[in-house]
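Structure first, then comments.
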Amino acid sequence: MYYIGIDGGGTKTAFGLFDEEGTCLKRIEYSTCHFLQVGFDGCAYVLKMGVDDFVHQFHISPKELKIGIGIAGYGNDQNIRKQLEESIQANLKEYPYSITNDMHIAMIGSLNGQDGIAVVAGTGTIAMAQANNCIYRCGGWGYQLGDEGSAYWIGKQLLKEFCKQADNRQPRGELYDYIMKYFQIDNPYQMIEHVHNLANERTEIAKLSKICSELADLGHKKSCYILQSAGVHVSELVKGLYHCFDEDIKISYFGGVFQNIIFKESFQSQIHPHQCIEPIHDALTGAYIYAKMSL
């Protein structure tokens, strides 16, 4: 038996092919399958491409395959869930699969299926807890309503500071010059049109979090403050799930924003140190475990 784990986030869609023992035979990546960015049919199309890639390369028949799918946006909105399920069923109807959200597979992987809290700080932010066979969540409102501390939020704070410096509400410095060079503009007001014309605003602005990290590494105080604030915001998602537990909690984390040491130290400073653990497995392995458990 083969298993395909799928981690469909807001920036990319990762696929992993696993054998019965959980060994990952190959990993591939495609563009995002988030329905807000590619539509419901576009989401299903990306999933089908990745599955077909493995099936054809390894000559796998539907009878010897199980698929665990974790996708962003598959949450509590029943209408969205229905449309996603219908589109995916139309494309993957010949394969046995099970769908959940991308946060669920991240939690399963990071805690190896055990009780605890997992928090993701990537393009968006969300925390999820598993306690006594029940699942709880905090955050995950999306960039229009929440996602404080996410890569998108960090990028947006950086652009706000750029605008303040362009207006001389704050002294112009390295941040201003860095952003002007990054966007290849010679007039700061060109930024309005540039951002307005972004093909994928959420993803492109989220990429600016890397610039914030680079500036922080150079000692830029405002960039450091943005990252520290982001860490506090994400810690609040974890604290919002404390009520689910009566005893010590294991807390793990995922997402590219945690690669920044300033953010990570700020986050951990808000949490009891002995509670934090490095992820045991990644989200793709979590999708494999989910497929094995649910199918």
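Under my numbering, the residues of the sequence shown are numbered -17 to 277, in order.
Using N, Cα and C, we set each Cβ at its ideal position, and we do this for glycine too.
Given the structure is predicted, the values throughout are model-derived calculations rather than measurements.
Residue interval of the beta strand (DSSP E) (run including LYS30):
As a working note, residue 30 is residue 48 in the sequence shown. Unbroken run through LYS30 is the alpha helix (DSSP H), 17 to 40; no beta strand (DSSP E).
In angstroms with no decimal places, state the Cα-to-Cα distance between ALA148 and LYS246.
As a working mapping, residue 148 is identified with position 166 in the sequence shown. As a working mapping, residue 246 is identified with position 264 in the sequence shown. Taking the straight line from one Cα to the other gives about 30 Å.
Which word fits HIS16, buried or exposed, when buried means at least 16 other C-beta atoms lie within 10 angstroms of its C-beta?
As a working mapping, residue 16 is identified with position 34 in the sequence shown. Result: buried.
Over what stretch of residues does the beta strand (DSSP E) that includes GLN299 continue unbroken?
Here the chain comprises residues numbered -17 to 277, so residue 299 is not present and cannot be evaluated.
From GLU76 to CYS6, what does the alpha carbon distance come to, in whole angstroms?
Counting from 1 along the sequence shown, the entry for residue 76 is found at position 94. Counting from 1 along the sequence shown, the entry for residue 6 is found at position 24. Taking the straight line from one Cα to the other gives about 23 Å.
Beta-carbon proximity list for PHE249, same chain, < 7 Å, skipping 5 on both sides
Counted from its first residue, the sequence shown places residue 249 at position 267. The beta carbon of PHE249 sits closer than 7 Å to those of GLY213, VAL216 and SER217, all from its chain and outside the five residues before and after it, given in chain order.
Does the Cβ-Cβ distance between ILE262 and ASN94 come in under 8 Å?
As a first step, residue 262 must be located in the sequence shown, where it is residue number 280. As a first step, residue 94 must be located in the sequence shown, where it is residue number 112. Yes, Cβ-Cβ distance for ILE262 and ASN94 is below 8 Å.
Determine, using beta carbons only, whether THR14 and ALA188 come nearer to each other than 8 Å.
Counting from 1 along the sequence shown, the entry for residue 14 is found at position 32. Counting from 1 along the sequence shown, the entry for residue 188 is found at position 206. Taking 8 Å as the Cβ cut-off, THR14 and ALA188 do not qualify as a contacting pair.
Just checking, does the stretch 137 to 148 make contact with the stretch 161 to 173 on the three C-beta pairs under 8 Å criterion?
yes
Tell me whether CYS116 is buried or exposed, calling it buried when 16 or more other Cβ atoms sit within 10 Å of its Cβ.
Position 134 of the sequence shown, counted from the first residue, corresponds to residue 116. Result: exposed.
Segment limits, beta strand (DSSP E) that includes PHE240:
Looking up residue 240 in the sequence shown gives position 258. Premise fails: PHE240 is in no beta strand (DSSP E) and is neither H nor E.
Examine the Cβ distances between the stretch 96 to 113 and the stretch 121 to 139 and report whether three or more of them are shorter than 8 Å.
yes
DSSP on ILE90, reduced to helix/strand/coil?
Within the sequence shown, numbered from 1, the residue matching residue 90 stands at position 108. Correct three-state label for ILE90: helix.
Could I get the ranges of all uninterrupted beta strand (DSSP E) runs contained in the stretch 177 to 237, with 3 residues as the minimum, in chain order?
233 to 236
What residue range does the beta strand (DSSP E) around GLU2 cover?
Against the sequence shown, residue 2 aligns to sequence position 20. Per DSSP, GLU2 belongs to no beta strand (DSSP E) and is neither H nor E.
Cutoff 8 Å; reference LEU157; Cβ partners in own chain excluding five residues on either side:
Here residue 157 refers to the residue found at position 175 when the sequence shown is read from its first residue. Cβ neighbours of LEU157 beyond the five flanking positions: LEU140, GLU143, PHE144, GLN147, LEU197, HIS202, LYS204 and SER205.
Sort ILE70, PHE0, HIS86 and MET85 by Cα distance to TYR79 and report the nearest one.
Residue 79 sits at position 97 when you count from the first residue of the sequence shown. For the residues ILE70, PHE0, HIS86 and MET85, the minimum Cα distance to TYR79 belongs to ILE70.
Relative to the alpha-carbon of LEU281, which residue among LYS45, CYS226, LEU190 and SER251 has its alpha-carbon at the smallest distance?
There is no way to answer for residue 281, as the model of the chain reaches only from -17 to 277.
Do GLY98 and ILE253 count as a contact pair if the criterion is CB distance below 8 Å?
Locating residue 253 in the sequence shown gives position 271, where the first residue counts as 1. Locating residue 98 in the sequence shown gives position 116, where the first residue counts as 1. No, these two residues do not count as a Cβ contact at 8 Å.
Closest to ASN83 by CA distance: which of LEU180, TYR27 and GLY(-13) is it?
Here residue 83 is taken as the residue at index 101 of the sequence shown, counted from 1. The candidate whose alpha carbon is nearest that of ASN83 is GLY(-13).
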